[in-house]
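**Student:** Sharing a structure below in structure tokens format, with a few things to ask.
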Amino acid sequence: MATGHAASGRWLPDIGLRARGVRAPARTHPNGAHDMLFINEDQVERLLSMDDALRAVEQAFATLGSGKAVNIPRSRVRLPGHTLHVMSGGIPALNLTGLKAYTTTGHGAKFIVLLFQADTGEPLAAIEADRLGQMRTGAASGVATKYMAREDACSVGLSVRDGRPEASSRRSAVYAR
């Protein structure tokens, strides 16, 4: 089960964020709400290692597989020239719910993750999620390799499509295992 750090009465998943200087906002508003943490793409790149991503994805698969998490399949809203994609879920034991939303247009895709405290509905964090998604995709390959590769395997064959950034994450994750 994931652990976290209490900060202003809330929890941040323990992937070493405190050691890397990320703190939950401390300002409390008159209504008792707290400022929301915002992590941009540069901070994601600096803060999240492939080892962090591998541990988080493996733990997420185990939690979901044991029935201790809820995962809602992707839904889409299609408009002319624009599609909004949303995936959501929650972990009751951590008192967290969240979603990943992204838009696709003729100008590309934009990604964000929102994290909420389940019992109060308070927004905890907004995380720009392009690099985060690349790392998660790569980590899923690494976790699959850990459990599916033969123990005596000494080479790796990866099918990489059109040089997308996920390819580098997949290679990093597979070699990390």
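In terms of our numbering, the sequence shown has 266 at position 89, counting the first letter as 1, and numbering is strictly consecutive.
All residues carry an ideal CB built from backbone N, CA and C; glycine is no exception.
Predicted model, so just to flag it, every value in this text is computed and none were measured.
1. Are the beta-carbon atoms of Met312 and Leu225 separated by less than 8 angstroms?
2. Which runs of the beta strand (DSSP E) at least 3 residues long sit entirely within the region 222–285? Give them in chain order.
3. What is the rounded straight-line gap between the Cα of Glu305 and the Cα of Gln236?
4. Distance check for Thr322 and Ala179, CA to CA, integer angstroms please.
5. Judging by CA-CA distance, which residue of Thr314, Val247, His259, Thr274 is the nearest neighbour of Glu299?
6. Would you identify the three-state DSSP class for Thr180, choosing helix, strand or coil?
7. Helix, strand or coil: how does DSSP classify Glu218 here?
8. What residues in its chain sit with their C-beta under 7 angstroms from that of Glu218, if we drop five residues either side in the sequence?
9. Is the Cβ-Cβ distance between Arg359 and Thr260 less than 8 angstroms?
10. According to DSSP, simplified to helix, strand and coil, what is Ala316?
11. I'd like to check one pair, Gly266 with Ile249: are the Cβ atoms closer than 8 angstroms?
12. Pop quiz: Thr240 and Ile268 are said to be a contact at Cβ under 8 angstroms. What is the actual Cβ separation, rounded to whole angstroms?
13. For Lys245 and Val320, what's the separation of their Cα atoms in angstroms?
**Tutor:** Straight from the coordinates:
1. Numbered from 1 along the sequence shown, position 135 holds the residue referred to as residue 312. Numbered from 1 along the sequence shown, position 48 holds the residue referred to as residue 225. Yes, these two residues count as a Cβ contact at 8 angstroms.
2. You should have 247–256, 259–268, 273–282.
3. The sequence position of residue 305 within the sequence shown is 128, counting from 1. The sequence position of residue 236 within the sequence shown is 59, counting from 1. Cα to Cα, the separation comes out at about 22 angstroms.
4. Here the question's residue 179 lines up with position 2 in the sequence shown. Here the question's residue 322 lines up with position 145 in the sequence shown. For Ala179, the pLDDT reaches just 38, beneath the cut-off of 50, and the residue's location in the model is therefore unreliable, leaving the point undetermined.
5. By one-based count along the sequence shown, residue 299 stands at place 122. Per the Cα distances, Thr274.
6. Locating residue 180 in the sequence shown gives position 3, where the first residue counts as 1. Caution applies to Thr180, whose pLDDT of 40 falls short of 50 and renders its modelled position unreliable; the model cannot decide the point.
7. Within the sequence shown, residue 218 is the residue found at index 41, counting from 1. In the displayed model, Glu218 falls within a helix according to three-state DSSP.
8. Mapped onto the sequence shown, residue 218 falls at position 41. Excluding positions up to five away in sequence, the list reads Glu305, Asp307, Arg308.
9. Given a span of 178 to 354 for the chain in the structure shown, any question on residue 359 remains unanswerable.
10. Position 139 of the sequence shown, counted from the first residue, corresponds to residue 316. Secondary structure at Ala316: helix, using DSSP grouped into helix, strand and coil.
11. Start at 1 with the first residue of the sequence shown, and residue 249 comes out as number 72. Start at 1 with the first residue of the sequence shown, and residue 266 comes out as number 89. Yes, these two residues count as a Cβ contact at 8 angstroms.
12. Taking the first residue of the sequence shown as position 1, residue 240 is located at position 63. Taking the first residue of the sequence shown as position 1, residue 268 is located at position 91. With a Cβ gap of about 6 angstroms, Thr240 and Ile268 count as contacting.
13. Within the sequence shown, numbered from 1, the residue matching residue 245 stands at position 68. Within the sequence shown, numbered from 1, the residue matching residue 320 stands at position 143. Straight-line spacing of the CA atoms in Lys245 and Val320 works out to 19 angstroms.
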